[in-house]
Amino acid sequence: MLLSNWVRRSNRQATQLLLAASCCAAALTPAWAQTPTDPAKARVQTMAQSQTPALLDTLKTLVSIESGSRDLEGLEKISQLIGQRLQQMGMEVKTIPTKAPDFHPQLKGAKLGSVVMGTKKGKGQKKVLMIAHMDTVYLKGMVEKQPFRIDGNRAYGLAIADDKGGVALILHTVKMLQDLGFDDYAELAVAINGDEEVGSAGSSALLVQLGEEYDAVMSFEGGGVDKDMVRLATSSIAIVEMKVTGKASHAGANPEGGRNAVYELAHQMLKTRNFGDPAKGLKINWTVARGGDVRNVIPASASAIADVRSLSNKDLDLMEASLKEAIKDKLIPDTQIDLSFYRSRPAFEATQASRVMAQHALGIFQEIGQNLVVQERATGGGTDAAFAGLRPKGGVLESFGLRGFGAHSNDNEYIFIDSIAPRLYLSTRMVMDVGSGKVKW
Numbered sequence: 000m001l002l003s004n005w006v007r008r009s010n011r012q013a014t015q016l017l018l019a020a021s022c023c024a025a026a027l028t029p030a031w032a033q034t035p036t037d038p039a040k041a042r043v044q045t046m047a048q049s050q051t052p053a054l055l056d057t058l059k060t061l062v063s064i065e066s067g068s069r070d071l072e073g074l075e076k077i078s079q080l081i082g083q084r085l086q087q088m089g090m091e092v093k094t095i096p097t098k099a100p101d102f103h104p105q106l107k108g109a110k111l112g113s114v115v116m117g118t119k120k121g122k123g124q125k126k127v128l129m130i131a132h133m134d135t136v137y138l139k140g141m142v143e144k145q146p147f148r149i150d151g152n153r154a155y156g157l158a159i160a161d162d163k164g165g166v167a168l169i170l171h172t173v174k175m176l177q178d179l180g181f182d183d184y185a186e187l188a189v190a191i192n193g194d195e196e197v198g199s200a201g202s203s204a205l206l207v208q209l210g211e212e213y214d215a216v217m218s219f220e221g222g223g224v225d226k227d228m229v230r231l232a233t234s235s236i237a238i239v240e241m242k243v244t245g246k247a248s249h250a251g252a253n254p255e256g257g258r259n260a261v262y263e264l265a266h267q268m269l270k271t272r273n274f275g276d277p278a279k280g281l282k283i284n285w286t287v288a289r290g291g292d293v294r295n296v297i298p299a300s301a302s303a304i305a306d307v308r309s310l311s312n313k314d315l316d317l318m319e320a321s322l323k324e325a326i327k328d329k330l331i332p333d334t335q336i337d338l339s340f341y342r343s344r345p346a347f348e349a350t351q352a353s354r355v356m357a358q359h360a361l362g363i364f365q366e367i368g369q370n371l372v373v374q375e376r377a378t379g380g381g382t383d384a385a386f387a388g389l390r391p392k393g394g395v396l397e398s399f400g401l402r403g404f405g406a407h408s409n410d411n412e413y414i415f416i417d418s419i420a421p422r423l424y425l426s427t428r429m430v431m432d433v434g435s436g437k438v439k440w
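Printed below as a string of structure tokens:
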């Protein structure tokens with residue numbers, strides 16, 4: 000009898016906590032600056048506002064599943080959840096396995112997270128694709144130190160801003176369209192990949208293909224911090240690997256007989272550290288270095304890895320050429336230097352169709368009295384919008400996700416709760432207008 004009383008009391012406490020969270024979420028839903036005069040648009044607004052508690056619940060579920068880019072077990076678990084949710088909303092779902100190419104400098108043919116792909120036919124004019132990623136940078140076990148929690152206008156959790164907030168927004172956008180009975184699109188599609196944080200090494204070819212097939216691609220990376228934004232540009236990314244081969248010898252008795260690979264590596268790294276052009280966003284940072292094994296032996300081998308960023312794809316060619324020219328000038332004769340330059344992610348560069356999409360998004364936000372910034376210049380980050388936008392059929396636009404902060408931080412990643420409803424309104428209205436052919440380019 001005592002046990003049953005305890006169970007009933009615990010259930011009541013849990014219910015009270017859920018109600019409190021819902022009330023908190025409702026209180027944080029923005030007081031709309033204005034309501035659209037069109038009754039159909041006003042209905043979307045009302046529905047978006049009512050979705051906030053449910054989306055927070057989805058976020059709690061997503062961030063509680065650990066899904067690091069190399070955690071195949073966790074990625075399988077979260078992909079099954081996403082696939083089930085899409086199926087429940089009438090989508091045809093398939094899971095597409097991926098692996099890194101054998102020539103990848105770090106992953107070298109490794110099995111990676113799958114892509115969950117959902118599609119739904121409609122009766123409209125345009126095919127619309129929404130993309131996000133479910134993998135994270137976090138190591139397994141870290142969720143215990145940062146569980147989901149709500150503090151004021153912020154919801155905290157690992158990868159909640161990058162990019163499980165984007166996944167949740169897509170799921171609830173599909174849900175809203177279903178509840179509205181809207182199918183005035185030729186096809187609605189969702190692609191959630193599990194390898195974005197390792198450069199989309201396994202899914203990139205599929206993303207390029209999808210960009211060629213769909214009339215519009217909406218990518219759901221974070222939508223800003225202090226200001227709501229969408230992006231027309233992200234950086235290209237390359238990985239440089241430098242290997243130096245020298246000659247070992249006794250560090251005390253015969254150092255002159257060796258060829259110090261660490262010295263040569265350090266010389267090359269320091270010489271090239273300022274290569275690039277800030278005006279072009281072209282920069283290199285050496286981030287990993289290794290050399291030698293034994294204290295009293297002149298090291299015969301050393302290696303380093305660098306991260307390269309650029310605003311355009313063609314400028315990566317300039318960096319590669321400069322590095323290959325630089326290694327011809329050596330500090331230590333008789334050393335060998337091998338340099339590989341792997342293009343990990345292209346730059347996302349705006350097309351006219353993408354610019355039309357951005358302006359239309361700005362107009363949709365204005366319908367509810369909200370301001371939207373169109374970010375024209377890349378800020379150093381790279382995204383999957385770049386693959387979708389490499390050979391696009393139509394428009395590609397980045398940053399439909401929630402406003403948030405702290406991506407890749409161990410204990411301070413959060414989204415702003417009051418951005419949920421406006422962002423849901425934006426994504427749902429964009430699908431409706433693009434899918435029905437109202438957006439022309």
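Counting along the sequence shown from 1, when you hit position 435 you're at 434 in numbering that gives the first Met the number 0, and nothing is skipped either side.
Virtual Cβ for every residue (Gly too), placed ideally from N, Cα, C.
- Query: Would the segment 182-198 and the segment 60-75 be scored as touching if the rule is three or more Cβ pairs under 8 Å?
  - Reply: yes
Proximity of Glu397 and Ala158 at Cβ, strictly below 8 Å: no
task = Compute the distance between the beta-carbons of Val127 and Val430, then report whether it is under 8 Å.
result = yes
**Asked** What are the start and end residues of each continuous beta strand (DSSP E) run of 3 or more residues lying completely inside the segment 104-163, in chain order?
**Response** 110-120, 126-132, 148-150, 153-155
According to DSSP, is Gly275 helix, strand or coil?
-> strand
| request: Starting from the C-beta of Gln83, find all residues in its chain whose C-beta is less than 7 Å away, skip the five residues before and the five after it, and write them out in chain order. | output: none
Task: Buried versus exposed, by CB contacts within 10 Å (16 or more), Phe102 - done: exposed
Considering only C-alpha positions, which residue in the set Leu55, Lys246, Ala247, Met241 is nearest to Asn284? Met241
*Could you tell me if Glu211 is buried or exposed, where buried requires 16 or more neighbouring beta carbons within 10 angstroms of its beta carbon?*
exposed
Requested in this report: Assuming Leu423 and Leu168 form a contact by the criterion Cβ under 8 Å, report the distance between their Cβ atoms to the nearest whole angstrom.
Outcome: 7 Å
Please report how far the alpha carbon of Gln374 lies from the alpha carbon of Asp316, in whole angstroms. 25 Å
### For Val173 and Val433, the rounded distance between their alpha carbons
15 Å
How far does the alpha helix (DSSP H) with Phe386 in it extend, from its first residue to its last? 384-387
How would you label Arg376, buried or exposed, when you count the other beta carbons within 10 angstroms and need 16 or more for buried?
-> exposed
Glu65 and Tyr137 closer than 8 Å at C-beta: yes
**Request:** Would you kindly work out how many angstroms separate the C-alpha atoms of Pro332 and Lys246, rounded to a whole number?
**Result:** 11 Å
_Please report the straight-line C-alpha distance between Val239 and Pro254, rounded to a whole angstrom._
30 Å
| message | According to DSSP, Asp337 sits in a beta bridge with which residue or residues? | response | Lys242
Starting from the C-beta of Ala215, find all residues in its chain whose C-beta is less than 6 Å away, skip the five residues before and the five after it, and write them out in chain order. Val127, Gly393, Gly394, Val433
Which residues bound the alpha helix (DSSP H) around Thr427? 419-434
key: Three-state secondary structure assigned by DSSP to Gln369   = coil
- Within 8 Å, strictly: CB atoms of Ala204 and Gly405: no
Problem set entry | Thr427 versus Ile363 - alpha carbon distance | 10 Å
Asp183 in three-state terms, based on DSSP
coil
Next on the checklist: Please state whether the Cβ-Cβ distance between Arg344 and Gly198 is less than 8 Å.
Outcome noted: yes
- Item | Coarse secondary structure for Gly87, derived from DSSP in three states | Here residue 87 is Gln; the residue named in the question, Gly, does not match the sequence. Here Gln87 sits in helix by DSSP.
Per DSSP, which one or two residues make a beta bridge with Lys327?
Answer is none; Lys327 lacks a bridge partner.
Note to self: For a test of the three-state rule: what should DSSP assign to Glu72, helix, strand or coil?
What the structure shows: helix
Original post:
Does the distance from the CB of Phe347 to the CB of Leu206 come in under 8 Å?
Top reply: no
- Message: If I follow the unbroken alpha helix (DSSP H) through Asp56, where does it start and stop?
- Response: 51-62
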